[in-house]
Structure formats: C-alpha cells, structure tokens
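Trainee: Before we start, here is the structure in question, set down as structure tokens.
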Amino acid sequence: MATAPIVQDDLVEYGFRRTIITITAVLCALLEIVDTTIVNVALNNMRGSLGASLTDVAWVITAYAIANVIVIPMTSWLSQQFGRRNYFAASIIIFTIASFMCGNADNIWELVAFRFIQGLGGGALLVTAQTIITESYPIEKRGMAQAIYGMGVIVGPTLGPPLGGYLVDHFSWPYIFYINVPIGIIATLLTLSFVRSPKYGEKLKANQVDWIGIVLLSAFVGSLQYVLEHGQQDDWFNDVWITRLTVLSFLGLYFFIWRQLTYKHPIVNLKVLKNSNLRVGVIMSFIMGFGLYGSTFIIPIYTQSILGWTATDAGLLLIPSSLTVAFMMPLIGKMIQRGVPQTYLVSVGFLAFFIFTYWMHNMMTPDTGEEYMFWPLIVRGLGLGLLFVPITTLSLSGLKGKSIGEGAAFTGMMRQLGGSFGIAIITTFLARFGQEHRVNLIAHLDITKVIVQDRLHALQRGFMSKGFSPEVAMQKAYKVLDFGVTKQSTVLSYMDVFLYLGVLFLICIPFILLIKNEKKS
Numbered sequence: 160m161a162t163a164p165i166v167q168d169d170l171v172e173y174g175f176r177r178t179i180i181t182i183t184a185v186l187c188a189l190l191e192i193v194d195t196t197i198v199n200v201a202l203n204n205m206r207g208s209l210g211a212s213l214t215d216v217a218w219v220i221t222a223y224a225i226a227n228v229i230v231i232p233m234t235s236w237l238s239q240q241f242g243r244r245n246y247f248a249a250s251i252i253i254f255t256i257a258s259f260m261c262g263n264a265d266n267i268w269e270l271v272a273f274r275f276i277q278g279l280g281g282g283a284l285l286v287t288a289q290t291i292i293t294e295s296y297p298i299e300k301r302g303m304a305q306a307i308y309g310m311g312v313i314v315g316p317t318l319g320p321p322l323g324g325y326l327v328d329h330f331s332w333p334y335i336f337y338i339n340v341p342i343g344i345i346a347t348l349l350t351l352s353f354v355r356s357p358k359y360g361e362k363l364k365a366n367q368v369d370w371i372g373i374v375l376l377s378a379f380v381g382s383l384q385y386v387l388e389h390g391q392q393d394d395w396f397n398d399v400w401i402t403r404l405t406v407l408s409f410l411g412l413y414f415f416i417w418r419q420l421t422y423k424h425p426i427v428n429l430k431v432l433k434n435s436n437l438r439v440g441v442i443m444s445f446i447m448g449f450g451l452y453g454s455t456f457i458i459p460i461y462t463q464s465i466l467g468w469t470a471t472d473a474g475l476l477l478i479p480s481s482l483t484v485a486f487m488m489p490l491i492g493k494m495i496q497r498g499v500p501q502t503y504l505v506s507v508g509f510l511a512f513f514i515f516t517y518w519m520h521n522m523m524t525p526d527t528g529e530e531y532m533f534w535p536l537i538v539r540g541l542g543l544g545l546l547f548v549p550i551t552t553l554s555l556s557g558l559k560g561k562s563i564g565e566g567a568a569f570t571g572m573m574r575q576l577g578g579s580f581g582i583a584i585i586t587t588f589l590a591r592f593g594q595e596h597r598v599n600l601i602a603h604l605d606i607t608k609v610i611v612q613d614r615l616h617a618l619q620r621g622f623m624s625k626g627f628s629p630e631v632a633m634q635k636a637y638k639v640l641d642f643g644v645t646k647q648s649t650v651l652s653y654m655d656v657f658l659y660l661g662v663l664f665l666i667c668i669p670f671i672l673l674i675k676n677e678k679k680s
C-alpha cells in the first residue's frame, strides 16, 4: 500500500487502533499526574531513610514541578522537531528510567536530580497525550475525547495519596517509583506500534533553534515555581532569595514574550492566543487548577493533622469524588456532542464547586466524622466533571493542525501553574489566618472566668490521678488548653480558606456567561 502524506484528517483513527491509542495516552497522562501527588505521603519515610531535613526533602516535590512547568510550553515545538510519536515514546522512556533511578537513589540530592529528569519526561506526557487523543477523534466527537482524557487528569491527583500511602505502609517508599516501570515499558511499546505523527515540514537546524528563548522560559517558570513552592516557609519577600527569584521571574517573562514575538522560529507560538476561545480557556484552566490542586492539598492535611487519620485513610476519602468525576466525564462529553453550550456547563461546574466549598466551610470541626464529608466531596466530583471537559473542548475548539498541540500546552501549563498558585496561597492563608484566630481566641480566654478555671482544675486532677505533682499537673493542664486553642484556630483557618475559595469560583460565573459560543465550534 502506498503511503500518502499525513494531513490533519488522516490522523483520525477508528475501531481497535483508536481504542489502543486512547488507552495508551490516558495511561501516560495518569502516570504523570499521579506522580505529582504520590510522593506527598512518603516524605517522612524518605527523610528517615536518606537522612534528609524537611527543607531538603521538599525539593523532591519542587524539582519535579519545576521540570514539569518548564517543558510543558515547549512540548508542541519539540514534537514538531522530533516527530510526535518519537518524542512521546522518548518522554515515556525518560520518565520510566528516571522512575527506576529515583527508587535506587542513595541520598536526597540523587533523588532530587532524578526527580527533575522524571519531571522533564512527565511534563511532555501530559500535553502530548491530550494532543494525540484530540487528533485521533473526528471533530464532532472531540468532546468525548476530552472526557476520556479528563478522567486521567482529574482522577490522578486524588489517586496519588491513597496509592502512595498503601505502597509506603505495605512495602517501602521506592515502590512508589518502581510501580511506573512496567507501565512505562508497556506504554512505550504501544506508542511505537500504534501512534502516528503528523507531517510538520522541515525541521530547524541547530543554529535556528531559539536557545535564548529556552533559557528565558526556564528562568521565568523555574524561578516562579520555586517562589510558589518555598515562599511561605521562607517568609516570602523577607527572604533575599525569594525576592531575587521573583525579580528574575518577571524579567524572564518580559524578555521571553518579546523574544517569542520577534524571533523567526519561536519555541512557543504566542500568536495562537489570538484565538478568543483559547484565551478564555487558559484563564479558566488556571482557576480550575487552583481549585483542583488546592482542595486535593488541603483535605488530606485537615484529616491527618486535625482528625488524626492515617495517610491511607486520608487518601481513600477522595476516592468517591474521583469515581464521580469518572462517571460524569462520558455524560458531559455526550452533552457537548448534542450541542449543550460549554459556557452553561462550566457555569454549573463553578456553582457546584462553590456549593462544595461552602458545605465544607459549614461542617468543619476538630472532630468531624467521615460520613459528613462524603456528600460534599461527591458535589466536588460533579463540579470538576462539569469543568474539565467543557473548558478543554472550548479552548481547543477553534484550533487546527499543530495549533491544537500549542493550545493544549497553554491550557496544561496554566492548569499546573493554577495548582502551584493555589497551594502557595492556601499555605500562606492557613498560616496567617491561624495566627490571627489564635490571637482572638486567647484574647477571649479569660483565666478569671469560672468555666475556664473548672476546665483547668479538671485537667489538673486528671494528671494528678496519673501520679504527677499538683504543679506539674497544672503545667500540663495549661499545655492541653493551649493545644486546644491552636487546634481550634487551625480549623477556623481551614474554614476561611474554603469560604474564600468558594467565593472565587462564584464570582467567575457572571463572566463565563458573557462568553459567546461560536456555532461552528
């Protein structure tokens, strides 16, 4: 059979081939997303076995995130240079080998280095998988294609903590990396056998590559990611390095935009943002990432630090929400195919997320039971299901050819950055609100009041019954009272964060409804 040049429509697959390509792409996207959160529950074990400090071990997360955000905007350009299939397969191989080396690391800085390499491979998987799925489906079925892809992206962050908790509790922390190896080998073989590359034309020569643009992009997103990851623990702009890197990030962004708009062969095609749907989708992807990663971050912290749950139990709590998302995705895809406007679906999704956050705000206490969080988390799943597919479909609906990959890179990067901003802001607010509530609670804790004295004497008698002297028992009673105040102030700060997060989603709804739907899309 003669081989004809591949044009855009020739990339559409049918039957068995499309099924295999879809499974491969979703599997790779899931691998990348799971690895952003799976290490969170294993950090303490890593500290112990590698003899690292808390600050050092935090780089295991930071290095992966920085590499992710650097490579995501360049994925479309790299696909054009090396061919999509080759680049996708190479990314899987890099991710798989780096995962194995992470498990074999002998010290913390070896682990950080291999996590950075793993992040370079992983960032490419996320966006390239989305582009492959989008182009494998005919235009009228791309809503369903995004629904299938979205299951991996939305379920991944919530699947990471329970899977990581199980592997750490029953095996050891290296297995959170080893589990990637067999999946990576299978995905590589399937990619080389089934995935096809579009024809992009001539490749750039070495002297045409925008090396300056690559350096500026790395400086911009690398510095920004570091500032967001370490800002709160380093006291933000009171720290010299945070200040310097913030300035470097702004300068990197400014000169990167100038370079991409003036250079003949840019690594990131900013002109694709002229598409109004993509511009709106990029903003909504940022907000969605803020809510998705922010809520995935705060719920396990609340259940473990306040309610005393194990890492596995905290992770399992999010499973019903993930299953709801998986159930919703195909339904949303069919609704889009039948012509339901994406803006209406996104508005309902933002409203559902507001209901979830407001519900959580009202039911949080120092001893809330698991049964009280089930239905709010189901509503969260409904909201995320209503957000991901319409936002992604709307973003890419007006794009064709290589612009699809470029648009997917923008939405992917903004979703990741939204998550980084969300976690950084939430961490800062928790610390600031916690201090504020503690001061207010102590101000109302009058030691001369009978109810306070009765509480202290009851605690003192309890400690005295265990053999402590009256003086020591009273000191311990004060410590218990102080711990109670700290715990209550922390819960109040969680409540504030959920309330403000909900308000952010609520005020977006009127702006979303003003977006005009393009009939052709």
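Numbers given in my numbering equal positions in the sequence shown, counted from 1, plus 159.
Note that the Cβ used here is the ideal one computed from N, Cα and C, for glycine as well.
Quick caveat, the model's predicted, so the values are computed rather than measured.
For the alpha helix (DSSP H) holding S584, just list the boundary residues, first then last.
Mentor: What sits at residue 584 in the sequence shown is Ile, not Ser. Run containing I584: K561 to A602, per the alpha helix (DSSP H) assignment.
Trainee: Please confirm whether P320 and G174 have their CB atoms less than 8 Å apart.
Mentor: Taking 8 Å as the Cβ cut-off, P320 and G174 do not qualify as a contacting pair.
Trainee: Just the C-alpha distance for M260 and G343, rounded to the nearest angstrom, thanks.
Mentor: Distance between the alpha carbons of M260 and G343: 14 Å.
Trainee: Apart from the five residues on each side of it in sequence, which residues of its chain come closer than 8 Å, Cβ to Cβ, to N263?
Mentor: Excluding residues within five positions, the ones whose Cβ falls inside 8 Å are P333.
Trainee: S680 to I426, Cα distance in whole Å?
Mentor: Confidence at S680 is low in this model, with a pLDDT of 41, below 50, so its placement is unreliable and the value that follows should be read with caution. Roughly 27 Å between the two C-alpha positions.
Trainee: I'd like the list of long-range same chain contacts for M633, defined as Cβ closer than 6 Å, with 5 residues on each side in sequence excluded.
Mentor: Excluding residues within five positions, the ones whose Cβ falls inside 6 Å are Q619.
Trainee: Please list, in chain order, all residues of the same chain as I699 whose beta carbon is under 6 Å from its beta carbon, the five residues on each side excluded.
Mentor: What the structure shows of the chain is the stretch from 160 to 680, and residue 699 is not part of that stretch, so it cannot be assessed.
Trainee: Is T234 near G564, with beta carbons less than 8 Å apart?
Mentor: Yes, the pair counts as a contact, with Cβ atoms nearer than the cut-off.
Trainee: Indicate whether the contact test is met: 3 or more Cβ pairs, each with one atom in the region 496 to 506 and one in the region 517 to 535, closer than 8 Å.
Mentor: Segments in contact, no.
Trainee: Sort L351, I671, Q575 and T178 by Cα distance to S435 and report the nearest one.
Mentor: For S435, the nearest C-alpha among the options comes from I671.
Trainee: Does DSSP put A264 in a helix, in a strand, or in coil?
Mentor: Of the three classes helix, strand and coil, the one that applies to A264 here is coil, per DSSP.
Trainee: Pick from S506, F449, M494 and G544: whose alpha carbon is nearest that of Y659?
Mentor: The residue with the shortest Cα to Cα distance from Y659 is F449.
Trainee: Please name the residue in Y308, I229 and I267 whose C-alpha comes closest to that of A283.
Mentor: When each option's Cα is compared against that of A283, the closest is I229.
Trainee: Taking only the alpha-carbon atoms, compute the straight-line gap between R176 and F396 and give it to the nearest angstrom.
Mentor: R176 and F396: Cα-Cα distance of roughly 53 Å.
Trainee: What does the alpha-carbon distance come out to for the pair G571 and G309?
Mentor: Near 12 Å, if we compare the C-alpha coordinates of G309 and G571.
Trainee: Indicate the three-state DSSP secondary structure (helix, strand or coil) for K679 in the structure shown.
Mentor: With a pLDDT of 42 at K679, under the threshold of 50, the modelled position of this residue cannot be trusted; read the value that follows with caution. K679 falls in the coil class under three-state DSSP.
Trainee: Using only alpha-carbon positions, find the residue among G315, S208, N266 and K430 that is nearest to F569.
Mentor: Taking only the C-alpha atoms, the option nearest F569 is K430.
Trainee: Less than 8 Å between the C-beta atoms of G323 and A201, yes or no?
Mentor: Cβ distance < 8 Å, so G323 and A201 count as in contact.
Trainee: For N434, name the three-state secondary structure that DSSP assigns.
Mentor: Reduced to three states, the DSSP call for N434 is coil.
Trainee: Cutting at 6 Å between CB atoms, please list the residues of its own chain near L279, excluding the five before and the five after it.
Mentor: Around L279: A226 and V230.
Trainee: Pick out the complete alpha helix (DSSP H) segments inside the region 225 to 312, 4 residues or longer, and give them in chain order.
Mentor: For the region 225 to 312, whole alpha helix (DSSP H) runs of length 4 or above, ordered along the chain, are 234 to 241, 243 to 262 and 267 to 295.
Trainee: Counting beta carbon pairs with one atom in the region 350 to 358 and one in the region 189 to 205, are three or more of them shorter than 8 Å?
Mentor: No: fewer than three Cβ pairs fall under 8 Å.
Trainee: Does DSSP put E191 in a helix, a strand or coil?
Mentor: Three-state DSSP puts E191 in a helix.
Trainee: Determine the direct distance from the alpha carbon of N266 to that of I129, and round the result to whole angstroms.
Mentor: Shown here, the chain extends from 160 to 680; a query on residue 129 therefore has no answer.
Trainee: Quick check: F409 and L375, are their CB atoms within less than 8 Å of each other?
Mentor: The answer is no: Cβ separation not under 8 Å.
Trainee: Is DSSP giving G453 helix, strand or coil here?
Mentor: Helix.
Trainee: Under 6 Å Cβ to Cβ from S538, same chain only, skipping five residues before and after it: list those, please.
Mentor: Checking the displayed sequence, the identity of residue 538 turns out to be Val instead of Ser. Within the same chain, V538 has close Cβ partners A511, I514 and F515.
Trainee: Looking only at its chain, what residues have a beta carbon closer than 7 Å to the beta carbon of L387, apart from the 5 residues adjacent to it on each side?
Mentor: Around L387: S579, F580 and A583.
Trainee: In terms of residues, what are the limits of the alpha helix (DSSP H) holding E630?
Mentor: It spans P629 to L672 - the alpha helix (DSSP H) in which E630 sits, taken as one unbroken run.
Trainee: So, helix, strand or coil for F330, using DSSP?
Mentor: Looking at F330 - three-state DSSP - the assignment turns out to be coil, as it is neither helix nor strand.
Trainee: Using a Cβ-Cβ cutoff of less than 7 Å, which residues in the same chain neighbour R301 once the five nearest sequence positions on both sides are dropped?
Mentor: Closer than 7 Å at Cβ, skipping near neighbours: T293 and T552.
Trainee: Assuming S444 contacts G577 under a Cβ cut-off of 8 Å, what Cβ separation, rounded to an integer in Å, is found between them?
Mentor: Going by Cβ atoms, the distance from S444 to G577 rounds to 7 Å, so yes, they are a contact pair.
Trainee: Considering K493, what are the terminal residues of the alpha helix (DSSP H) in which it resides?
Mentor: Run containing K493: I478 to Q496, per the alpha helix (DSSP H) assignment.
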